[in-house]
Every structure is written in C-alpha cells, then in structure tokens.
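As given, the protein sequences belong to chains Z and Y, one line each in that order.
Under my numbering, the first residue of the first sequence carries the number 11, and numbering increases by one thereafter.
Under my numbering, the first residue of the second sequence carries the number 10, and numbering increases by one thereafter.
Virtual Cβ for every residue (Gly too), placed ideally from N, Cα, C.
These numbers come from a predicted model, not from an experiment.
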Amino acid sequence: MFSTFSQTAELVGENLACRRGERLVFSGLDCRLAAGGALVLTGANGSGKSSLLRLLATLVAPVAGRLSWGGEPVARDPARYRAALHYVGHLDAAKPALTTREMLGFWAAMRGTVSPALDEGLDAFGLAALADWPCRWLSAGQRRRLALARLIAAPAPIWLLDEPSAALDRDGEARLEAAIAAHRMAGGRVAVATHQPLAIPDAAVIVLDDFAASPGDFLAGWW
Amino acid sequence: MGAFFGLIRRDLRLSLRQGGEMGLVLGFFVLAVLLFPFGVGPEPELLGRIAAGIIWVAALLAAVISLERLFATDYADGSLDLIALSPLPLEAAVGAKAIAHWLTTGLPLTVLSPLLAVFLNLDPSAIPVLTLGLLLGSPVLSLFGTIAAALTIGARRPGVLVSLLVLPLYLPPLIFGAGAVEASLTAESGHADLLLLGALTLAALPLAPLAAAAALRQALE
Numbered sequence: 011m012f013s014t015f016s017q018t019a020e021l022v023g024e025n026l027a028c029r030r031g032e033r034l035v036f037s038g039l040d041c042r043l044a045a046g047g048a049l050v051l052t053g054a055n056g057s058g059k060s061s062l063l064r065l066l067a068t069l070v071a072p073v074a075g076r077l078s079w080g081g082e083p084v085a086r087d088p089a090r091y092r093a094a095l096h097y098v099g100h101l102d103a104a105k106p107a108l109t110t111r112e113m114l115g116f117w118a119a120m121r122g123t124v125s126p127a128l129d130e131g132l133d134a135f136g137l138a139a140l141a142d143w144p145c146r147w148l149s150a151g152q153r154r155r156l157a158l159a160r161l162i163a164a165p166a167p168i169w170l171l172d173e174p175s176a177a178l179d180r181d182g183e184a185r186l187e188a189a190i191a192a193h194r195m196a197g198g199r200v201a202v203a204t205h206q207p208l209a210i211p212d213a214a215v216i217v218l219d220d221f222a223a224s225p226g227d228f229l230a231g232w233w
Numbered sequence: 010m011g012a013f014f015g016l017i018r019r020d021l022r023l024s025l026r027q028g029g030e031m032g033l034v035l036g037f038f039v040l041a042v043l044l045f046p047f048g049v050g051p052e053p054e055l056l057g058r059i060a061a062g063i064i065w066v067a068a069l070l071a072a073v074i075s076l077e078r079l080f081a082t083d084y085a086d087g088s089l090d091l092i093a094l095s096p097l098p099l100e101a102a103v104g105a106k107a108i109a110h111w112l113t114t115g116l117p118l119t120v121l122s123p124l125l126a127v128f129l130n131l132d133p134s135a136i137p138v139l140t141l142g143l144l145l146g147s148p149v150l151s152l153f154g155t156i157a158a159a160l161t162i163g164a165r166r167p168g169v170l171v172s173l174l175v176l177p178l179y180l181p182p183l184i185f186g187a188g189a190v191e192a193s194l195t196a197e198s199g200h201a202d203l204l205l206l207g208a209l210t211l212a213a214l215p216l217a218p219l220a221a222a223a224a225l226r227q228a229l230e
C-alpha cells in the first residue's frame with residue numbers, strides 16, 4: 011500500500027517569513043513534511059495559518075527563507091512543485107451554473123489529469139446522489155465536500171487544506187479524517203490549518219503564535 | 010492543451026447557462042445604436058454617414074460592460090487561485106478567457122452589425138467592410154479588456170474603473186474600424202485600415218495576456 015507517491019521527496023521550509031501588505035505575519039518558521047507525514051497548523055485568528063498555506067502553495071512568495079521539494083528549491087521549478095500539490099482554500103471554487111460532476115471534472119482537467127477518478131471523489135465525500143445537481147443547489151457543507159472531492163479525483167502527493175472541516179457535519183468530518191488517513195497510508199503528505207479537533211494521528215503541530223513577528227521584525231521586514 | 014480548451018469550454022458553458030449576461034450585452038448594443046436616430050433626427054443621409062462610428066462606439070461600450078465580471082467572479086470564489094496553481098501558464102489561461110469572452114461578445118456583436126447598419130441606412134457597399142472590420146478588430150476589445158479587468162480585481166467599483174482604463178485603449182480600433190468604412194465610402198478602399206486592425210489584433214494577442222497575467226499575479230499575492 012505504502013507506495014503510491016514518492017517516498018523520498020520531502021517538503022522543507024526553512025526560516026520562512028511572510029508579509030501581507032505592510033505587516034510581517036510570521037518569521038523564522040521551519041517546517042518539514044515527509045512521506046506519510048502530517049502537519050497541523052493552529053494559532054489565533056490572524057496568526058498566519060492561511061498565509062503559511064498560501065506560501066506553501068506558492069500563491070504568496072516568502073520575504074525570507076526558502077522552500078524546497080525533493081531537495082530542490084521550489085523557486086527553481088515552481089511548475090513541477092505545483093503539479094505535486096493540492097490547495098483547498100476557504101473558498102470552494104464552485105460555479106452555481108455547473109453541476110457537481112462538471113465542476114469536479116473541470117478542476118481535474120485543469121490539473122491535466124488524464125482519467126480523473128470522478129466517481130471515487132464524489133463517493134468519498136458522499137456526493138454521489140448530488141452528481142447532477144447544479145452547484146447553486148448545494149449547501150455550504152456540500153460545497154465544501156465538493157472542494158475536498160478534488161483531492162480524490164486527481165491524486166497529488168501534497169495536500170494543503172485551509173480549515174477543511176469548516177461547515178462540515180460530523181459525517182463529513184469523519185469522511186475527511188478517513189481520506190487524510192488513506193492519503194498518508196499511500197505515502198501522501200498533508201498540512202491542515204484547523205480550529206476543530208480533527209483526528210490526525212502523529213501529526214506535527216505548528217502553533218503560528220510562536221512565530222509572530224515582534225515590532226522590531228516589522229522594520230526588518232520593511233528594509 | 011486540454012486545460013486550455015477546458016477553460017474556454019467552461020466559460021462558454023457558464024455564459025450560455027447564465028444566458029442573461031450575453032443577452033444583456035447584445036441588448037445594450039442594439040438599444041444604444043437605436044437611440045441615435047432619435048437623438049440626431051431621422052435624416053437618412055446623416056445617419057448613413059455616421060452609421061459606422063455609431064456602431065463601433067456602441068460595440069466598444071457593450072464590450073466594456075461585460076468586462077467587469079471577466080476575472081471578478083473567478084477571483085471572488087477562489088477559482089483564480091486554482092487556475093494559477095494549474096500547470097496551464099497564467100498567460101495561456103488569460104488567453105483562453107479572452108477567447109471565450111470574444112466568442113460571447115465580439116462575435117455576436119459582429120454578426121448583429123450588418124442588420125443595424127441597414128437600420129442606420131449605411132450604404133450597402135460599405136456593410137461588408139464594417140463587418141470585416143469588426144471581425145478583425147473586436148478581438149482587440151477582449152484582449153485589451155483582460156488587462157483592465159485584471160488590474161481592477163478587488164477594486165471597490167470595478168465597473169467604472171474598468172471603463173476609465175480601457176476606453177482610451179480602445180481608440181485605435183475605433184479609429185481604424187470607422188476609418189475603413191469612411192474610406193470605402195469615399196471611393197478609396199478601406200484596405201489599409203483593415204490591415205491595421207488585423208495588425209492590432211495580432212500584436213495584442215501575445216502582449217495583452219502577458220500584461221494581464223502579471224496583474225493577476227499581483228492580485229493573488
């Protein structure tokens with residue numbers, strides 16, 4: 011089982027610092043995500059959980075530090091790294107006029123997945139019965155499930171999940187936990203920002219408050 | 010390549026299913042043109058002389074009102090993040106969206122234009138020139154439009170800002186588009202103007218996606 015994804019490639023962040031606008035959100039942050047590993051990001055609102063995930067997803071460039079994947083700096087070949095990651099932000103990217111299945115198929119096609127596992131993705135999050143519903147009929151929790159179904163429909167070794175359990179019911183949380191466990195069993199890696207206590211065994215925890223920038227660092231970030 | 014055509018297909022599907030949007034643009038175009046006979050008086054000769062200008066101006070304005078939502082909805086619902094993370098280069102994604110935008114605005118406007126030209130008493134010999142000009146020049150409207158739409162992402166009143174940014178950029182296609190018809194009416198041929206319109210489109214084809222993609226990256230930061 012433990013073989014779907016590369017065993018050796020490791021996602022390593024060293025001394026990362028992130029600035030949003032004029033504010034230095036965090037600095038001096040190290041993280042490490044090996045095969046089968048999990049990273050849980052916690053911290054107060056505004057402490058930079060989402061910023062760290064966006065930084066790990068290359069949507070935001072770090073102002074300091076470096077990110078490497080499989081021993082190679084991400085900045086050298088961002089496309090290769092992006093192909094290896096799934097980012098599920100707090101927005102669900104669901105178009106009201108498209109059906110659940112079309113939406114899932116579109117995002118899988120955008121990733122260049124040749125034969126996406128659409129049915130598996132819908133099944134994994136209990137959406138099979140809603141496959142032909144337009145997304146405008148979906149509740150917030152169902153849209154969230156649809157966003158998570160992307161993870162299954164187009165496999166990728168790294169999952170970056172921003173508050174994935176927000177709006178999910180108990181059943182949805184259980185499905186998410188099962189999906190994460192299966193992903194790690196297959197050698198996948200997952201980083202989750204969360205407030206809810208999700209059952210993710212043996213996860214390394216990063217408390218973002220510990221890396222909050224001091225006022226001195228604010229100027230350091232500026233100059 | 011699958012992702013490129015997939016994005017075009019998605020945008021076409023969205024605008025066809027939300028048919029209101031396309032109907033709105035075409036309705037605006039027709040109404041704007043039909044207002045002129047009421048404003049300048051029903052003199053066939055006068056209308057015939059200014060018909061090409063009226064149709065081009067109305068087409069520009071109709072294109073502008075459809076630009077506001079070009080990237081705004083993808084940005085607001087998180088789709089733009091995922092598009093930026095996909096293997097498809099952002100420049101190509103902008104190109105795909107420009108093509109879909111042209112297919113749902115520029116092309117139908119072009120198809121409608123001969124009918125409106127007849128309403129405005131444009132000389133029948135000039136109608137093919139007008140239509141050909143719109144066919145060659147309307148892609149520029151979509152392409153330049155992507156730049157303005159990308160720059161105004163996250164702005165509080167994007168609609169107004171988009172029109173302020175993009176209308177000056179629309180001057181060259183307007184000048185050459187109306188110029189081609191004018192030239193064909195005064196016995197010269199409108200050949201040179203049409204060639205310039207085509208050249209504009211060819212120049213905008215690679216340059217506008219580059220600029221718009223740079224603006225989008227800035228917005229996503």
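{"Asked": "CA-CA distance, proline 167 of chain Z and alanine 222 of chain Z?", "Found": "29 Å"}
{"Asked": "For valine 66 of chain Y, does the three-state DSSP call read helix, strand or coil?", "Found": "helix"}
{"Asked": "By the three-class DSSP mapping on this structure, what secondary structure does isoleucine 74 of chain Y have?", "Found": "helix"}
{"Asked": "At the 8 Å Cβ level, is isoleucine 92 of chain Y part of the contact set with chain Z, yes or no?", "Found": "yes"}
{"Asked": "According to DSSP, what are the bridge partners of isoleucine 216 of chain Z?", "Found": "Z:Leu51"}
{"Asked": "Could you spell out where the alpha helix (DSSP H) holding leucine 34 of chain Z opens and where it closes?", "Found": "Careful: leucine 34 of chain Z lies outside any alpha helix (DSSP H), inside the beta strand (DSSP E) at 33–43."}
{"Asked": "Could you give the uninterrupted runs of the beta strand (DSSP E) lying entirely in the region 160–198 of chain Z, keeping only those of 3 residues or more?", "Found": "168–172"}
{"Asked": "Are the C-beta of aspartate 86 of chain Y and some C-beta of chain Z separated by less than 8 Å?", "Found": "yes"}
{"Asked": "Using only the alpha-carbon positions, how far apart do leucine 16 of chain Y and alanine 208 of chain Y sit?", "Found": "26 Å"}
{"Asked": "Excluding the 5 residues flanking glutamate 77 of chain Y on each side, which residues of the same chain have their C-beta closer than 6 Å to its C-beta?", "Found": "Pro167, Gly168 and Val171"}
{"Asked": "Would you give the residue range spanned by the beta strand (DSSP E) that glycine 99 of chain Z belongs to?", "Found": "Run containing glycine 99 of chain Z: none; DSSP gives neither H nor E here."}
{"Asked": "Along the alpha helix (DSSP H) that carries glutamate 197 of chain Y, what are the first and last residues, could you check?", "Found": "Counting along the chain, glutamate 197 of chain Y falls outside any alpha helix (DSSP H), and DSSP gives it neither H nor E."}
{"Asked": "The beta strand (DSSP E) with glycine 32 of chain Y in it runs from where to where?", "Found": "Taken as a continuous stretch (DSSP letters only), glycine 32 of chain Y belongs to no beta strand (DSSP E), being part of the alpha helix (DSSP H) at 29–49."}
{"Asked": "Does the Cβ-Cβ distance between glutamate 100 of chain Y and alanine 222 of chain Y come in under 8 Å?", "Found": "yes"}
{"Asked": "I need the DSSP call for tryptophan 1 of chain Z, collapsed to helix, strand or coil.", "Found": "The first residue shown for chain Z is 11 and the last is 233, placing residue 1 of chain Z beyond what the model contains."}
{"Asked": "What does the Cβ neighbour count give for threonine 184 of chain Z, buried or exposed, with the cut at 16 atoms within 10 Å?", "Found": "It should be pointed out that residue 184 of chain Z corresponds to alanine in this sequence rather than to threonine. Alanine 184 of chain Z is exposed by the Cβ-count criterion."}
{"Asked": "Exposed or buried, which one is histidine 110 of chain Y when buried takes at least 16 other CB atoms within 10 Å?", "Found": "buried"}
{"Asked": "Going by other Cβ atoms of all chains shown within 10 Å of its Cβ, with 16 needed for buried, is glutamine 227 of chain Y buried or exposed?", "Found": "exposed"}
{"Asked": "So, helix, strand or coil for proline 167 of chain Y, using DSSP?", "Found": "helix"}
{"Asked": "Give, in chain order, every unbroken run of the alpha helix (DSSP H) that is at least 4 residues long and sits entirely within the region 105–154 of chain Y.", "Found": "116–128"}
{"Asked": "Report yes or no: is there a C-beta of chain Y within less than 8 Å of the C-beta of arginine 180 of chain Z?", "Found": "no"}
{"Asked": "Would you kindly work out how many angstroms separate the C-alpha atoms of glycine 53 of chain Z and serine 60 of chain Z, rounded to a whole number?", "Found": "10 Å"}
{"Asked": "So if DSSP puts glycine 23 of chain Z in a beta bridge, which residue, or which two residues, is it bridged to?", "Found": "Z:Cys41 and Z:Leu77"}
{"Asked": "Hey, out of Z:Ala27, Z:Leu63, Z:Asp179 and Z:Phe116, whose CA is closest to glutamine 206 of chain Z's CA?", "Found": "Z:Asp179"}
{"Asked": "With a CB to CB cut of under 7 Å and the five nearest residues on each side skipped, what residues in its chain are close to glycine 58 of chain Z?", "Found": "Cys28, Val35, Phe36 and Leu218"}
{"Asked": "Could you check how far apart the C-beta atoms of alanine 135 of chain Y and serine 75 of chain Y are, in whole angstroms? I think they sit under 8 Å.", "Found": "Between serine 75 of chain Y and alanine 135 of chain Y the Cβ distance is about 27 Å, and since that is not below 8 Å, they are no contact."}
{"Asked": "Name the chain B residues whose beta carbon is nearer than 9 Å to that of proline 96 of chain Y?", "Found": "Checking the listed chains, one finds no chain B in this structure; the protein chains it contains are Z and Y."}
{"Asked": "In terms of DSSP beta bridges, what is valine 190 of chain Y paired with?", "Found": "Answer is none; valine 190 of chain Y lacks a bridge partner."}
{"Asked": "Here's the rule I'm using: 16 or more other beta-carbon atoms within 10 Å means buried, otherwise exposed. How should valine 42 of chain Y be labelled?", "Found": "buried"}
{"Asked": "Residue range of the alpha helix (DSSP H) that alanine 12 of chain Y falls in?", "Found": "11–26"}
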